[in-house]
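In my numbering, the protein residues as written are 20 to 211.
As structure tokens, then:
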């Protein structure tokens, strides 16, 4: 009898440990910009700010029937990544980035959406992602505001591979950043 009580308590303890353990997952945001950008801005000074205006700060959510959503944050923080990528890219294009008060051009990038949503069932998954960046440029008391979007979908058997979803997300973010930098309306507004 003592052995079965001891065994029951040990089993209960082990189950309790497993039930309380959670894996701390983070989605690594690291878009790789493959293009070499031409110098198109003749030493124009500009300021650049990034503001995350999403209603929730997580980057991925995994939804399972009858369970709470698993929310996964990004590392590094999304604003840091977007700021760094645009600073590097605009500098390559010839903009002199300085957050002082006497800039010719003031740019703000708003992160309106940046989410991978995974619907997970026992035998398959379906993932959708959306990234929406809004660029606001103020130059000579004129304002240009333009919204850029990219969407993606994937599905497959069994469980979603988070590494694959992360890779796809980073590729799409890089594509969107490149699209913004090469947008003719943006280029003309900054140059003129």
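Even glycine gets a Cβ: it sits at the ideal position worked out from N, Cα and C.
query: CA-CA distance, residue 95 and residue 175?; result: 28 Å
query: Between residue 60 and residue 161, how many whole angstroms is the CB-CB distance? I'm expecting something under 8 Å.; result: Contact doesn't hold; Cβ gap of about 17 Å is too wide.
query: For residue 142, which option in 194, 50, 178 and 108 has the closest C-alpha, if you only look at C-alpha atoms?; result: 178
query: Report the residue ranges of all alpha helix (DSSP H) runs contained in full by the stretch 182–206; include only those spanning at least 4 residues, in chain order.; result: none
query: Can you list, in chain order, the residues of its chain whose CB lies under 6 Å from that of residue 83, leaving out five sequence neighbours each side?; result: 139
query: Return helix, strand or coil for residue 80, following the three-state DSSP convention.; result: strand
query: Short check: CB of residue 56 to CB of residue 108, under 9 Å?; result: yes
query: Considering only the beta carbon of each residue, do residue 81 and residue 47 sit closer than 9 Å?; result: no
query: Look up residue 177 in the DSSP assignment and say whether it is helix, strand or coil.; result: coil
query: At 3 residues or longer, what runs of the beta strand (DSSP E) sit wholly inside the stretch 100–160?; result: 124–139 and 143–158
query: Pull up the distance between the alpha-carbon of residue 67 and that of residue 157, whole angstroms please.; result: 11 Å
query: Mapping the DSSP letters down to three states, classify residue 44 as helix, strand or coil.; result: coil
query: Measuring alpha carbon to alpha carbon, tell me which residue in 180, 79 and 49 is nearest residue 148.; result: 79
query: Residue 204: buried (16+ other C-beta within 10 angstroms of its C-beta) or exposed?; result: exposed
query: Report the three-state DSSP secondary structure of residue 59 (helix, strand or coil).; result: coil
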